Structures are given as C-alpha cells and as structure tokens.
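A short write-up of the structure that comes next.
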Amino acid sequence: MHAAERESLILESLRLSGFISYRDLEAQLDASPATIRRDLSRLEEHGHIVRVHGGAKIAAPAANAAPEPQSRLTGTPFDQSITQNLARKQAIGRAAAALCEPGEGIMIDGGTTTLQMCPCLEGLDLQVLTNSLHIVNALLPQAGTRILLPSGTLFREQNIILAPAGEDSMPRFHAPKLFMGAAAVGPRGVMQQDVILVAAERRLVDRAEQVILMVDSSKFVSSSGAIVCGLDEVDTLITDSGIDPQAADMVRRAGIELIIAQD
63 MHAAERESLI LESLRLSGFI SYRDLEAQLD ASPATIRRDL SRLEEHGHIV RVHGGAKIAA
123 PAANAAPEPQ SRLTGTPFDQ SITQNLARKQ AIGRAAAALC EPGEGIMIDG GTTTLQMCPC
183 LEGLDLQVLT NSLHIVNALL PQAGTRILLP SGTLFREQNI ILAPAGEDSM PRFHAPKLFM
243 GAAAVGPRGV MQQDVILVAA ERRLVDRAEQ VILMVDSSKF VSSSGAIVCG LDEVDTLITD
303 SGIDPQAADM VRRAGIELII AQD
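Everything in the sequence shown is counted per my numbering, starting at 63 for the first residue and increasing by one.
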C-alpha cells in the first residue's frame, strides 16, 4: 500500500471519529509502526491532523473553512452489488445457514452475501447481532429470532451502522460464530475497501470464537484493500464452485475448512 493510500485511509477514519489510536492504525493498515509514525508526521506537517498521546486527532478547521461533507463508504453501493452473482450468493447463504445450531447466538456482518443466509434461519430461534438494517428487515418476520444492534452512525449507501474507530459500541452479547463477507481475499488476508469497515469488522473478529467467511469466487481475483484479518484467523470459508483451483489450494494450505456451495 502506497503512502498516499495509507494517508487517505487515515484521514477517512479520522473524519468519522475525530481520533484514532496507534493500535487501531496498526490493525487497519498493512504497515510497520515506524511507517505509520512517518505517515502521521507528514499529515501533521500539512495541517491535517494533530498527534496526541496514544494516537492522532483531526486538526481543528480554520474559522472560515467550509464544513466537511458527510463521510461515505468507498466501494459499490448495496443496491448495485445485491444483484451481482446473486445465484452464487444465495447458494453460499444456504450453506452458511446450515452451520447454525437451534437457539445459538451468532453475529452477521452486513453485506449482500451474508444477507442471503437470512431466509434460511426461520425456525432456528437464533439470537443475532448485526450492524445491517437490510439484515434486520430480513429477520423481522421471524418471530423466534431475537435481533440486537450496535450503536453508531448509519451509512445510507450500505444501510449499515458503524461506530467510530476506537469506540466499542457492541452490546454485551456472546456469539461464538461470526458470518462475514469481504471485498477481496488473497494471501495477505481478508480485505475491505474502506478503513471504517475494517475497524468495525475487526471488533467483530475479536469477539468471535469461529470466523466464517462468505465470499463468491469473484472475490479471489482482486487482492487490493485494507486488511481486516489474516487467513490464520478464518476458520471456515464458504464459496461457490467457480473458485480457481489455486485459490482453493491457498485456502486449504492456510488450514481453513473450505465449503463449496452448490447452486
């Protein structure tokens, strides 16, 4: 990742939260602590941030400066991506739902692939923690499904609730399984296009006993983005039959259980 890209990700996160810790930066960026310190030094020299104890905060705007526009997530809007590879995503959703045990607690991260498991959860009487209003709407007709939501800011492009970096907004809830998607999967790990998503998903990964990744086979073609977690933190990966043999070998070599969903 180039310096300009890292600096852009740092600023995007700061625009939402106002502060970010060194620990969060190391988790979000594929860079050494020394590299991150140099990035922060450059941003401070240009007046974008102020370094403080434990991290950095956004610099106060000048009195006559125009207000910042509302932060938006990068990547394809939900309404566009929902129709991409839909049949494959539905098959992945069915395979993911088959891993759920009646009455257990699970976490479902927002996404067009994770959404597809919701119709198959009817009758399991699950407790579901999710940050996605699309998933909430899909689960509402299920009388036996208990739904929990975190606090935070609503991003309308994805209809997802995200908390500022460094803020723990999750309810006290034990859910052994996390079902999540990704923008890309490669040898360096699981990636997302937006650093704000990375921070939110990292908090979910840290809470989970099992990380179950749901990605269609197109996600193995691209490998750019900010890293959410390494492959060694993923327990199970569910994809479709279009996965490239080399990608399948990469997954298995990482010690991940690979499930190929059938259309």
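Using N, Cα and C, we set each Cβ at its ideal position, and we do this for glycine too.
Being a predicted model, the structure only gives us computed values, none of them experimental.
By the three-class DSSP mapping on this structure, what secondary structure does residue i have?
{"i": "Ala316", "result": "coil"}
{"i": "Phe241", "result": "strand"}
{"i": "Asp294", "result": "helix"}
{"i": "Ile222", "result": "strand"}
{"i": "Gln308", "result": "helix"}
{"i": "Val257", "result": "helix"}
{"i": "Val267", "result": "helix"}
{"i": "His236", "result": "coil"}
{"i": "Gly228", "result": "For Gly228, the pLDDT reaches just 47, beneath the cut-off of 50, and the residue's location in the model is therefore unreliable, leaving the point undetermined."}
Between the beta-carbon of residue i and the beta-carbon of residue j, is there less than 8 Å?
{"i": "Ala245", "j": "Met169", "result": "no"}
{"i": "Glu264", "j": "Ala149", "result": "Looking at the sequence itself, residue 264 is Arg, so the reference to Glu does not match. No; because the gap between Cβ atoms is not below 8 Å, this pair is not in contact."}
{"i": "Ile72", "j": "Tyr84", "result": "no"}
{"i": "Met253", "j": "Ile289", "result": "yes"}
{"i": "Val260", "j": "Leu275", "result": "no"}
{"i": "Leu202", "j": "Val190", "result": "no"}
{"i": "Ala309", "j": "Phe282", "result": "yes"}
{"i": "Gly167", "j": "Ala237", "result": "yes"}
{"i": "Arg156", "j": "Cys180", "result": "no"}
{"i": "Val257", "j": "Ser75", "result": "yes"}
{"i": "Leu240", "j": "Leu266", "result": "yes"}
{"i": "Gly117", "j": "Ile82", "result": "yes"}
{"i": "Gly80", "j": "Ile111", "result": "no"}
{"i": "Leu188", "j": "Thr207", "result": "yes"}
{"i": "Gln152", "j": "Glu184", "result": "no"}
{"i": "Phe235", "j": "Leu224", "result": "no"}
{"i": "Asn337", "j": "Ser280", "result": "Since the displayed the chain opens at 63 and closes at 325, residue 337 lies outside it and no answer follows."}
Just checking my contact of residue i with residue j at CB under 8 Å: how many whole Å lie between their CB atoms?
{"i": "Gly293", "j": "Gly251", "result": "The sequence as given places Leu at residue 293; Gly does not occur at that position. Rounded, the Cβ-Cβ distance is 6 Å, consistent with contact."}
{"i": "Asn193", "j": "Pro212", "result": "6 Å"}
{"i": "Leu195", "j": "Asn221", "result": "4 Å"}
{"i": "Ile154", "j": "Asp278", "result": "6 Å"}
{"i": "Ile91", "j": "Arg68", "result": "A small correction: the amino acid at residue 91 is Leu; Ile does not occupy that position in the sequence shown. Contact holds; Cβ gap of about 5 Å."}
Mind pulling the beta strand (DSSP E) runs of 3 or more residues that sit fully within the region 153-219? 167-170, 189-192, 208-210 and 215-217
Is it the case that the region 97-112 contacts the region 293-303, given that we only count it when at least three CB pairs across the two stretches are under 8 Å? no
Within the region 66-131, ranges of the alpha helix (DSSP H) (whole runs, at least 4 residues): 84-90 and 95-107
Are there three or more Cβ pairs, one per stretch, closer than 8 Å when the region 310-325 is compared with the region 164-179? no
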